[in-house]
Amino acid sequence: STSGATSTANVHPREVARHHPKGESAVFTGDRGSSVSNMAIAFERFLLGRRDLGGIVSAGGSGGTALATQAMRALPVGMPKLMVSSVASADVRPYVGPSDICMMYSVTDVSGINRISERVLSNAAHALTGMIAYMRTTASESKPAIGLTMFGVTTPCVQAVTKQLQNDFDCLVFHATGTGGQSMEKLVDSGLLAGVLDISTTEVCDEIVGGVLSAGPERFDAFARRSIPYVGSCGALDMVNFWAFDTVPPKFKDRNLVRHNANITLMRTTPDECKAIGEFIAGKLNRMEGPVRFLIPEGGVSALDAPGKQFWDPAADTALFNAIESNFRRGTRRTLVRSPLHLNDPAFSDLLVQHFHEVCAEGAAVTRTAAH
């Protein structure tokens with residue numbers, strides 16, 4: 378509750394509110410909007426300070442869902458999280474984000490108990506109990522986990538890399554759909570990934586140009602916060618994503634568009650856009666402590682970016698590659714590599730694997746030095 382009224386809860390709302398950086402007075406303002414927003418901040422800090430948390434379940438409408446899920450998103454991936462919500466049948470991305478929150482539609486309002494809500498809430502309680510009681514460690518956890526980013530048009534490359542590494546690593550492949558990149562970086566921040574092959578950095582195109590699959594301006598920032606072995610490339614930096622063809626903004630209707638399927642339309646990036654994309658990526662790479670390798674496939678960056686294909690545009694690719702190189706700051710643990718190969722060429726996959734082994738060795742050497 379954000380009203381400040383008397384409560385019979387085991388943990389009083391005021392106790393939670395005191396975790397706000399400005400104290401409980403920031404929560405109990407009398408304005409519902411600011412109260413909910415500030416209680417969400419307090420609740421997040423409250424949960425992160427707990428050491429006795431096995432899982433979390435909450436129920437609410439749009440306000441309660443926004444409040445509870447902000448805190449849930451801050452919890453580690455793998456900790457059971459269940460949100461019973463009246464908005465769970467709508468677009469839940471703002472609530473779930475890159476986390477593993479389970480959303481259950483409440484069907485009726487959750488403010489009181491009726492024959493429907495009783496069943497739904499009972500199911501939610503049993504579901505959370507089951508997740509906690511039957512949590513298990515899988516055999517794959519004996520191998521270090523690494524993240525790889527993939528898009529449909531970079532699949533041959535990522536699959537070839539995964540095939541070479543899967544005996545030594547638990548390969549977690551994330552689709553570069555905006556949420557995919559965010560989810561991978563959340564695992565990096567949680568300390569759950571030993572390294573990353575960020576092959577498909579296409580989400581940057583949507584962020585710069587205005588597509589629908591952006592991972593936000595914070596893409597890559599986790600690698601600046603945590604120095605883990607990182608190998609990146611230019612996968613699908615030739616395209617911006619929109620939904621069905623009739624949703625493409627009017628200003629882009631005369632561009633080079635490909636109907637990927639009934640629900641997805643792809644737009645070729647221009648030289649000017651590629652220059653901005655390259656500058657963005659280089660700026661992010663420069664903030665990484667390393668070990669870092671970034672590989673440029675001069676032969677093309679996707680299945681559509683090849684001679685005779687719809688997005689083949691050497692001028693745009695050159696603008697991209699030159700922008701990355703001219704803005705990239707090389708260092709002892711930060712290297713840029715240009716290759717004449719196409720991204721989906723098996724030899725380029727071999728090159729990615731080679732450099733990943735190298736950065737892993739560098740990372741291990743730094744760890745041993747620090748330990749001594």
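When the count follows the numbering used here, it moves up by one through the sequence shown with no breaks and lands on 749 for the last residue. Don't be surprised by glycine CBs; every beta carbon is placed ideally from N, CA and C.
Practice problem: With DSSP as the reference, please indicate the residues paired to residue 715 in a beta bridge. | Solution: 673, per the DSSP bridge assignment.
Quiz item: Among 584, 437 and 590, which one has its Cα closest to the Cα of residue 557?
Solution: For the set 584, 437 and 590, the Cα lying nearest the Cα of residue 557 is the one of 590.
Quiz prompt | Assumed close pair residue 612, residue 579 - CB separation to whole angstroms, cut-off 8 Å | solution = In this structure residue 612 touches residue 579 by the C-beta definition: roughly 6 Å separates them, less than 8 Å.
Self-check item: Extent of the continuous alpha helix (DSSP H) run through residue 403
Solution: For residue 403, there is no enclosing alpha helix (DSSP H), as DSSP gives it neither H nor E.
Exercise. Just the C-alpha distance for residue 709 and residue 601, rounded to the nearest angstrom, thanks.
Key: Those two C-alpha atoms are separated by around 16 Å.
Quiz item: Taking C-beta to C-beta, are residue 432 and residue 505 nearer than 8 Å?
Solution: Annotated as proximal: residue 432 and residue 505, with beta-carbon spacing under 8 Å.
Quiz item: For residue 512, is the classification buried or exposed, using 16 other Cβ atoms within 10 angstroms of its Cβ as the cut-off for buried?
Solution: It is exposed - the Cβ of residue 512 has fewer than 16 other Cβ atoms within 10 Å.
Exercise. Could you name each continuous alpha helix (DSSP H) segment of 4 residues or more that falls completely within the segment 488-563, going from the start of the chain to the end?
Key: Runs of the alpha helix (DSSP H) lying entirely within the segment 488-563 and spanning at least 4 residues, in chain order: 492-510 and 532-542.
Quiz item: Helix, strand or coil: how does DSSP classify residue 645 here?
Solution: In the structure shown, the three-state DSSP call for residue 645 is strand.
Quiz item: Does the segment 723-740 come close enough to the segment 679-690 that 3 or more CB-CB pairs lie under 8 Å?
Solution: Taking 8 Å as the limit for Cβ pairs, the verdict is that the segment 723-740 does not touch the segment 679-690.
Quiz prompt | Spatially closest choice to residue 476 from 458, 419 and 467, by CA coordinates | solution = Nearest to residue 476 by alpha-carbon distance, out of 458, 419 and 467, is 458.
Exercise. Could you check how far apart the C-beta atoms of residue 461 and residue 497 are, in whole angstroms? I think they sit under 8 Å.
Key: With a Cβ gap of about 6 Å, residue 461 and residue 497 count as contacting.
Quiz prompt | Enclosing alpha helix (DSSP H) for residue 586 [first to last residue] | solution = Under the DSSP assignment, residue 586 falls in the alpha helix (DSSP H) whose first and last residues are 580-586.
Quiz item: Where DSSP assigns a beta bridge to residue 635, which residues make up the other side?
Solution: Per DSSP, 643.
Quiz item: What is the rounded straight-line gap between the Cα of residue 415 and the Cα of residue 741?
Solution: In this structure, the CA atom of residue 415 is about 42 Å from the CA atom of residue 741.
Quiz item: Per DSSP, residue 458 is paired with what?
Solution: Residue 458 is bridged by DSSP to 433.
Quiz item: Who are the Cβ neighbours of residue 675 in its own chain at under 8 Å, not counting the five residues just before and after it?
Solution: Taking residue 675 as the centre and dropping the five residues before and after it, the same chain places the C-beta of 694, 698, 715, 716, 717 and 718 closer than 8 Å to its C-beta, in chain order.
Quiz prompt | Own chain partners of residue 532 with C-beta closer than 7 Å, once the 5 adjacent residues on each side are dropped | solution = Cβ neighbours of residue 532 within its own chain (closer than 7 Å, five residues either side excluded): none.
Self-check item: Pair within 8 Å by beta-carbon distance, residue 381 and residue 405
Solution: For the 8 Å CB-CB criterion, residue 381 and residue 405 form a contact.
Quiz item: Buried or exposed: residue 436, going by 16 or more other Cβ atoms within 10 Å of its Cβ?
Solution: The residue is buried, with at least 16 neighbouring Cβ atoms inside 10 Å.
Quiz prompt | Spatially closest choice to residue 681 from 667, 617 and 652, by CA coordinates | solution = Nearest in C-alpha terms to residue 681, of all of 667, 617 and 652, is 617.
Self-check item: Paired residues, beta bridge with residue 619 - DSSP
Solution: DSSP output for residue 619 lists 642 as bridge partner(s).
Exercise. Please state if the CB of residue 655 and the CB of residue 701 are separated by a distance shorter than 8 Å.
Key: For the pair residue 701 and residue 655, the CB atoms are nearer than the 8 Å cut-off.
Self-check item: Coil, strand or helix - residue 440 by DSSP
Solution: Note: residue 440 maps to helix in three-state DSSP.
Practice problem: Count the other CB atoms, across all protein chains shown, that sit within 10 Å of the CB of residue 640; report buried if there are 16 or more and exposed otherwise. | Solution: Flag for residue 640 reads exposed.
Quiz item: Opposite residue 610 in the DSSP bridges: which residues?
Solution: Looking at the DSSP assignment, residue 610 forms a beta bridge with 672.
Quiz item: Which value, in whole angstroms, describes the spacing of the CA atoms of residue 486 and residue 597?
Solution: So the two alpha carbons sit approximately 40 Å from each other.
Quiz prompt | Alpha-carbon to alpha-carbon, residue 586 and residue 631 | solution = Near 15 Å, if we compare the C-alpha coordinates of residue 586 and residue 631.
Self-check item: For residue 469, the three-state DSSP class (helix, strand or coil)
Solution: Residue 469 falls in the coil class under three-state DSSP.
Quiz prompt | Closest by C-alpha distance to residue 552, when choosing among 524, 706 and 544 | solution = Taking only the C-alpha atoms, the option nearest residue 552 is 524.
Quiz item: Cβ atoms of residue 610 and residue 672: under 8 Å apart, would you say?
Solution: Taking 8 Å as the Cβ cut-off, residue 672 and residue 610 qualify as a contacting pair.
Quiz item: Does residue 436 come within less than 8 Å of chain D when only Cβ atoms are used?
Solution: The structure shown contains no chain D, having only a single protein chain.
Quiz prompt | Test item: CB-CB of residue 444 and residue 417 under 8 Å | solution = For residue 444 and residue 417, yes; Cβs fall inside 8 Å.
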